[in-house]
Structure formats: structure tokens, C-alpha cells
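In my numbering, the protein residues as written are 1 to 669.
Each residue gets a CB set at the ideal place from its N, CA and C atoms; glycine is no exception.
Every value quoted in this text rests on a predicted model; they were computed, and no experiment measured them.
For reference, the structure discussed in these notes is given below.
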């Protein structure tokens, strides 16, 4: 069960981690669907899909327009209450049903809400005019009220959709045109299809820009079938079970003999039938066929079944937090909660409560379940608290293989103004003190600005520097918590004071020297400045060989506050242009461990699994990271972690080897 649970915990807290990256108006996985285990012959599990899918950034009432060319949705804005109420009054009275789009101006607007779908062009009955509420610009995809020229407060039933940026025109005349809604998702495809229809001037009427369809060359009169009819306009919810909703769901099981699925509106029920494993896929589809897929693993067991594991939380100080687990077993269950792997005295119920979360409560919570002499432990759920204070990446280290022609190349990017003081080390021989076999006998390191080839700092044997420099290096290394190097060893180390220029990035290349050909080396970069320094590390990375032992970068979050990180293990994306890395790892897996602990806090194999594609793509863009191919085998996690030391293990699925790039991005401002 543990492998299934770890797979499902690949992307922790995604829903709350990136509220400001990009608002989605298409279906989006807002929280991962956690893996579950069920007891064979036991009770079914239910999942409220509203807690896992949504339209982030959409908070207002949605209305759906059903036209002869397709459906599209408006979201009504709450800060234009008069216009919103006016529009909904026409919707509720069904006065928009059976109307037409009566105006279309290329690259400007399409307009409706005025005339019945009749050849007599009769205007619909109108309510009293509405006071102008201009607040938003008339940008593409926004919906505004039409009104009479020279009278800002003359809007009644007619509305228009902006086909382009009309702010320079419509924001600055007649009091500004009130934008009261926007088109959601890919609904503008339908709007654009309407706008692409030919326009006709109907003689003897006021219509000189009437969009018509299917008009025959010899047709002498306009028929209703030629008009763009709005069949109905209705207020709809985001989720089913309403007859019409923005999102609809589908679900299927990869192994119905093990677990079956039934959907009732937004509720998914998973029933256990036989021993084994199954993958449940849930698809959310919106009105205009945009989709979001999420998967989760189900294991049906005859032993202890973890139906609902503890869930990660990020809360404000003083918030009451309760971690809970729902489990099944043929025999009685006992519980023991743990924090950071250590048993919590007296925490022996199915839930564990923290009355008022504080900085000291941050950590990783799991529960050991025992029944009939067998014990299983849930995956760790993270608790982070938004305490005031500063946190920064203060140390990165990577242990990896080095051989001729295949250097170990950690890199880092800095942000700020001025210079950053660092301790940079390439440790080989001293690793033997810690029992590391096959250590590189003589590492050499070169520091190179990113995108350049000129070495600006180099060191081979650290102890050969002048005595004063050796003493200064030892003192600074001790101050940042680095272990001591053996005097006279062949390890490389240096103090660096590097300016933030260009991209602010640097690469450290570690190669064999002095006749050494291959071995294991440890690359280390320590921030030697305080947390309040004007320059900070925002990205650290390592390109190296993934062997049977993996590539194991480590990083330290210093300070008092938790930190939001994007962590990636890139293999296949390196093999093509523009990187063209030979021997790139075909299928990397990424696992994050707290230093010295045997439990994982995040795991991912293929970055698109779990339905987090859109959220991760937004994170890539925010971090300035290069895009990963959709559906690729590269790995990525997005996680908020408490201060402390962590290890990111990049390994090859199935024990494969190759070169991989491991990256850690600081996403906090």
C-alpha cells in the first residue's frame, strides 16, 4: 500500500499553494485525489469531486447561452450589482429565450438581448433602465451593457461581447460602458464563430450589421433559420447534479474486478469487489469541451485499509487543526500518531487535534495503524503555518558520480542587488570519513557565470591556498554549519563573492583532477550571508549522472517561515534541442525526504499524472523554468515545506541510469 500512497501524494497542497499564479476559467484540478485502500467486502468510499476540481478565479453567478452555433458561459461580476440584477431579471423572466444576435461588427463586438427571432424584428419587452456602473475596461472577452448615445444611464436589455481590446474607445465615451460579465473558458470560440458569419444590411430596417447563416445566393428574404438564435439563457451552477452545469464528470476504473465506480452528480462512489489494485480516472469537462483529468490509486486488501489518509494543511497562526484517518480492518484497530516520525504521547485516537497551530507545530504528521499484529503507517501530511518571518534557501548539496567527460555541475541563480558571499566546495577524499566508498580521489571545481565559458573562480586542492585564506575558509565553513575538511586533503573549496549580473546565475563544474578518473563527489554551496541580506538564492540545480544509487541533491530552508518550492527531475526533456544532453535519463522519479528521515513528503514519477498539468505549467512560468513536454516522463512536485533540511532523490524507474537535471525553485516573492 505504501507505494500507492506515495504515488498519490506526488503533489501536495497544490490548490492552496499557487493562488496568485494564474486564475483558470477552465476545469482545473484544485486538490489531488489521494490514494485509498479499501477492505475487500467492506464499505464503499465516497469522494466529493467539488473538493478536487473547480474553476479557480470564478466566484460569480454563471449563466449559459445556448445558441444555434453552440453554448458559451458568462460569469457575472458582483461589483456591478445593478447590472447583474438587471441581467438576471431578464434571464429569470425568460425574455432572452428565442432572441437573436442582431449586430456583429468585425473586430469590435457582437450584440444581443434585443430582438425576438422573428422576421418582424420585434424588440423584447424591457424593464426600467439601469444606472451606469462603469468599473472595468472593455477588453476582449468581457461583456458590457449597450445603451443610448449621450445617456450613460440608459441601459436596458441589450448586451455585447467585446471581440478585441475596445478600452480606448468604450472606456472613454458616454460615461464608460459597464462591463458586468466575462466569457468563460473556450466560450470565445463560439463567439468568434458568430462574429465570422457574413453580415447583411436588411433593407427597410435598422439592421445594417445583422449576422446571418446559410443564406442562399438567390435568397430574396431573411428567414428565422438564417438568424443566430439564442435558444435560451439560464443561470447554471458550476457543478452537477443540475440538469445544466459548467462542469460535468466522468469516471472509470482500470480494473472493475477490483473496484467499481459510480457517479451521482459530483459524488464519486468507489466500491471494493476483489483483492488487487486499480487506478481510478476522473475527467471534468466544461461546456466548451476543455478537460481536466485526475487519477488516484485504489488497493483492495484483506488487511488494514486506509480509506482516507491524513491531508496536508497550510493555515494561519492560531488556527485549530485536526488530522484524521479513516481506516478499515477485519479486526479492531489501534492508532498511534507521529510527528516527524516520532510517536506523540497520548495521540491514540482516529484523529489528532492541535487547538491553535503555531510555528512549533509545523512538521509532518502520520499515524501508525495496528490490527491483528500487523502495522501500517500512512503517508506523512504536512502542516505549515504562515508565521511572520523570513525563510530562504541557504544551502544546497549534491552527491553524485563524476567521471571524465561527465562532470557534476550544480548551478544556482541569485536575485537582488549587490553581491552574495558563498562557500563553494567539491568534496571527495573527506567523504571516506563518513563511510562513503568510491569517493573521487581528487576533485577540481570551476565557477562559471551562466551562459558563459570563462572560469571566474577555480580550486583544486583547498589546503594549498595561503595560510590566511585557509583559516578564513575554515572559519566561514564552520559558521554556516559545514563539516570540517581534512587539512592537506585533495578536496576543493573556496570563498566566493559573486555579483548579481545578467541572469544572476552561475554553474559549478566538478571534474576529476590529478590523475583521478572517476568517483563520487559532494558538491556544496552555502549562503554565507544572513537571512536579511539583499541578495538571496532563488534557484539551485544539479546536472549529473543518475546511477543505481540515484542523484541526491539536498537543500536547507533557513529561517522561521515555511517555503513554497517547485522541484523537478528532468531527463527526457534534456535529450532534444536546445539541450541535446547525451545519455539523458529516460524516466526519472523524484522523491523528497526530510534529512535523516525514512518517510517521503512528496513523490512523483511523470509530472502530468494526477491532473496537475495546468497548475504546474503556471508554476514553471512563474519560476522562469523551461517548459516540459506535455505527457512526458520528467518529474515535478510543488510543495510547501517547513524550515529544515531535505534531500531530493532522483532515481531511474526500473533501476535505469542516465543523466538528469534536478532543480529547486523558490516561488515565494
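query                                                                                                                                                                    : result
Alpha helix (DSSP H) containing residue 81: first to last residue?                                                                                                       : 81-92
Does the contact criterion of 3 or more C-beta pairs under 8 Å hold for the segment 520-530 versus the segment 362-375?                                                  : no
Under 8 Å: do the segment 639-651 and the segment 581-601 share three or more Cβ pairs, one atom per stretch?                                                            : yes
Distance, Cα to Cα, residue 508 vs residue 405?                                                                                                                          : 15 Å
Between the alpha carbons of residue 376 and residue 330, how many angstroms are there, rounded?                                                                         : 14 Å
What residue range is occupied by the uninterrupted alpha helix (DSSP H) comprising residue 613?                                                                         : 613-623
In this structure, what does DSSP give as the bridge partners for residue 445?                                                                                           : 459, 510
For residue 415, which beta-bridge partners are listed by DSSP?                                                                                                          : 536
Taking DSSP's pairing of strands, which residues face residue 607 in a bridge?                                                                                           : None; residue 607 has no bridge partner.
In chain order, what residues of the same chain have a beta carbon less than 6 Å from the beta carbon of residue 231, not counting five sequence neighbours either side? : 66
Where in the segment 246-299 do unbroken runs of the beta strand (DSSP E), each at least 3 residues long, occur, reported from the N-terminal end onward?                : 247-253, 259-264, 267-272, 276-286
Between the segment 420-431 and the segment 375-392, do at least 3 Cβ pairs fall closer than 8 Å?                                                                        : no
Does the structure place the segment 497-511 close enough to the segment 411-421 that three or more beta carbon pairs sit under 8 Å?                                     : yes
Could you check the C-alpha separation between residue 23 and residue 216 for me, to the nearest Å?                                                                      : The pLDDT assigned to residue 23 is 42, lower than 50, so where the model puts this residue is not dependable; a value taken from the coordinates is nonetheless given after this. If I take the Cα positions, the gap works out to 44 Å.
So, helix, strand or coil for residue 640, using DSSP?                                                                                                                   : strand
Just the Cα atoms here: how many angstroms apart are residue 461 and residue 495?                                                                                        : 13 Å
On the criterion of 16 or more Cβ atoms from any shown chain inside 10 Å, does residue 219 qualify as buried, or is it exposed?                                          : exposed
Please state if the CB of residue 301 and the CB of residue 37 are separated by a distance shorter than 8 Å.                                                             : yes
DSSP three-state call for residue 421: helix, strand or coil?                                                                                                            : strand
Report the partner residues of residue 555 according to the DSSP bridge assignment.                                                                                      : 396, 646
Alpha carbon to alpha carbon, what distance is there between residue 26 and residue 249?                                                                                 : 14 Å
With a threshold of 8 Å, are at least 3 pairs of Cβ atoms found where one atom belongs to the segment 79-86 and the other to the segment 293-307?                        : no
If you follow the alpha helix (DSSP H) that residue 170 is in, where does it begin and where does it stop?                                                               : 167-170
Could you check which residue in 149, 161, 69 has the C-alpha nearest to that of residue 113?                                                                            : 161
Rounding to the nearest angstrom, what Cα-Cα distance links residue 622 and residue 292 in this structure?                                                               : 21 Å
Can you find at least 3 beta carbon pairs, one from the segment 239-256 and one from the segment 270-288, that sit closer than 8 Å?                                      : yes
Taking only the alpha-carbon atoms, compute the straight-line gap between residue 510 and residue 385 and give it to the nearest angstrom.                               : 38 Å
Are residue 310 and residue 371 close, meaning C-beta to C-beta below 8 Å?                                                                                               : no
Check whether the Cβ atoms of residue 328 and residue 305 lie closer than 8 Å to each other.                                                                             : yes
Can you check whether the CB of residue 77 is closer than 8 Å to the CB of residue 670?                                                                                  : Since the first and last residues shown for the chain are 1 and 669, residue 670 lies out of range.
Determine the burial state of residue 450: buried for a count of at least 16 other Cβ atoms within 10 Å of its Cβ, exposed for fewer.                                    : exposed
Could you pull the start and end residues of the alpha helix (DSSP H) that residue 471 belongs to?                                                                       : 467-479
Does the distance from the CB of residue 478 to the CB of residue 445 come in under 8 Å?                                                                                 : no
At what residue ranges does the segment 132-213 contain a whole run of the alpha helix (DSSP H), taking only runs of 4 or more?                                          : 167-170, 188-195
How would you write the range of the beta strand (DSSP E) that residue 365 sits in, first residue to last?                                                               : 363-371
DSSP state of residue 62, grouped into three classes?                                                                                                                    : strand
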